[in-house]
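Visitor:
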Amino acid sequence: DAGITQSPRYKITETGRQVTLMCHQTWSHSYMFWYRQDLGHGLRLIYYSAAADITDKGEVPDGYVVSRSKTENFPLTLESATRSQTSVYFCASSPVADEQYFGPGTRLTVT
Amino acid sequence: AQSVAQPEDQVNVAEGNPLTVKCTYSVSGNPYLFWYVQYPNRGLQFLLKYITGDNLVKGSYGFEAEFNKSQTSFHLKKPSALVSDSALYFCAVRDRSADKLIFGTGTRLQVFP
Numbered sequence: 006d007a008g009i010t011q012s013p014r015y016k017i018t019e020t021g022r023q024v025t026l027m028c029h030q031t032w033s034h035s036y037m038f039w040y041r042q043d044l045g046h047g048l049r050l051i052y053y054s055a056a057a058d059i060t061d062k063g064e065v066p067d068g069y070v071v072s073r074s075k076t077e078n079f080p081l082t083l084e085s086a087t088r089s090q091t092s093v094y095f096c097a098s099s100p101v102a103d104e105q106y107f108g109p110g111t112r113l114t115v116t
Numbered sequence: 258a259q260s261v262a263q264p265e266d267q268v269n270v271a272e273g274n275p276l277t278v279k280c281t282y283s284v285s286g287n288p289y290l291f292w293y294v295q296y297p298n299r300g301l302q303f304l305l306k307y308i309t310g311d312n313l314v315k316g317s318y319g320f321e322a323e324f325n326k327s328q329t330s331f332h333l334k335k336p337s338a339l340v341s342d343s344a345l346y347f348c349a350v351r352d353r354s355a356d357k358l359i360f361g362t363g364t365r366l367q368v369f370p
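Protein sequences appear in the order of chains A and B. The end of the first sequence is residue 116 by this note's numbering, with every number in the run present. The end of the second sequence is residue 370 by this note's numbering, with every number in the run present.
Structure below.
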């Protein structure tokens, strides 16, 4: 199906474990973004990518790693999860860094 | 630096009444401005955007927004609210020299029957 998907939709992990959140889009959009949504903070940009093999830090990149070897995929890895990384994570894509299309989100709980 | 302010955490309105959700912004140059809506347990959906031209922008579901350069505002409006409009609304801004959006903290709209 066309669109943008995220997996898993829900994840519970323990402090210190590595977790990877997946994002896949079928539009061949150049830009992809990772946000976290927390009460009182709205959406905050973690990392973004303007094209394959090009990534840049956003507002809150610490503790996260991204890669973009293929245009359609943009995984987000928490190298050593902390409780402060409990959040809802949204991936988005855009053809021209303009109007963005969001995935359904991944709710991550770090215990 | 770019920034967006949504001064109201929540807006309550009766069904059939007009609604306004406020947004002010700060950018160094001419802005690109956006409104998104988020329904429970869903991702954000694009509503409308201002790039250039007419200051009144029309978008999805009967929403519109007015760009006011002197007041650096981009308020979202709808002439007649529906209960189904109840959701979380986000304003976002992009400086034309940048390639990422800055989002506000969101305003929860509650429309009562």
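Beta carbons are placed, not taken as given, at the ideal position from N, Cα and C, and that holds for glycine.
If we cut at 8 Å on Cβ distances, does A:Tyr15 have a partner in chain B?
Guide: Output row for A:Tyr15: interface = no.
Visitor: Would you tell me roughly how many angstroms separate the C-alpha atoms of A:Thr10 and B:Thr277, rounded to the nearest one?
Guide: If you take the alpha carbons of A:Thr10 and B:Thr277, they lie about 32 Å apart.
Visitor: Can you check whether the CB of B:Phe324 is closer than 8 Å to the CB of B:Val305?
Guide: Note that residue 305 of chain B corresponds to Leu in the displayed sequence, not to Val. Result no, Cβ atoms of B:Leu305 and B:Phe324 do not sit closer than 8 Å.
Visitor: For B:Lys306, return the contacting residues in chain A, with the cut-off set at a CB-CB distance below 8 Å.
Guide: Ordered by position in chain A, the residues that pass the 8 Å Cβ test against B:Lys306 are Asp103 and Glu104.
Visitor: Under 8 Å between C-beta atoms, does A:Leu50 make it to chain B?
Guide: Closer than 8 Å to some Cβ of chain B, the Cβ of A:Leu50 qualifies, so yes.
Visitor: Indicate whether A:Tyr69 and A:Thr82 have their beta-carbon atoms separated by less than 8 Å.
Guide: It is a contact, given that the beta carbons lie within the stated cut-off.
Visitor: Please classify B:Tyr318: does DSSP put it in a helix, a strand, or coil?
Guide: In the structure shown, B:Tyr318 sits in a helix (DSSP, three-state: H, G or I).
Visitor: Distance check for B:Ala338 and B:Asp311, CA to CA, integer angstroms please.
Guide: Distance between the alpha carbons of B:Asp311 and B:Ala338 is about 24 Å.
Visitor: Ignoring anything shorter than 3 residues, give me the beta strand (DSSP E) runs that lie fully in the segment 268-337 of chain B, in order along the chain.
Guide: Qualifying beta strand (DSSP E) stretches, in chain order: 276-278, 281-283, 288-295, 301-307, 313-315, 321-325 and 330-335.
Visitor: Using 8 Å as the cut-off, can you tell me whether the segment 296-303 of chain B makes contact with the segment 106-115 of chain A, which would need three or more C-beta pairs spanning the two stretches below that distance?
Guide: The segment 296-303 of chain B is in contact with the segment 106-115 of chain A.
Visitor: Alpha carbon to alpha carbon, how far is A:Leu50 from A:Thr25? Give it in angstroms, no decimals.
Guide: Their backbone Cα atoms lie some 17 Å apart in a straight line.
Visitor: Can you confirm whether B:Thr362, when its beta carbon is compared against all beta carbons of chain A, has any partner nearer than 8 Å?
Guide: Yes, B:Thr362 counts as interfacial toward chain A.
Visitor: Just tell me which of A:Glu19, A:Leu113, A:Pro80 and A:Thr18 has its CA closest to the CA of A:Ser54.
Guide: The shortest C-alpha separation from A:Ser54 is found at A:Pro80.
Visitor: Just checking: is the beta-carbon of B:Gly300 within a distance shorter than 8 Å of some beta-carbon in chain A?
Guide: It does; some Cβ of chain A falls within 8 Å.
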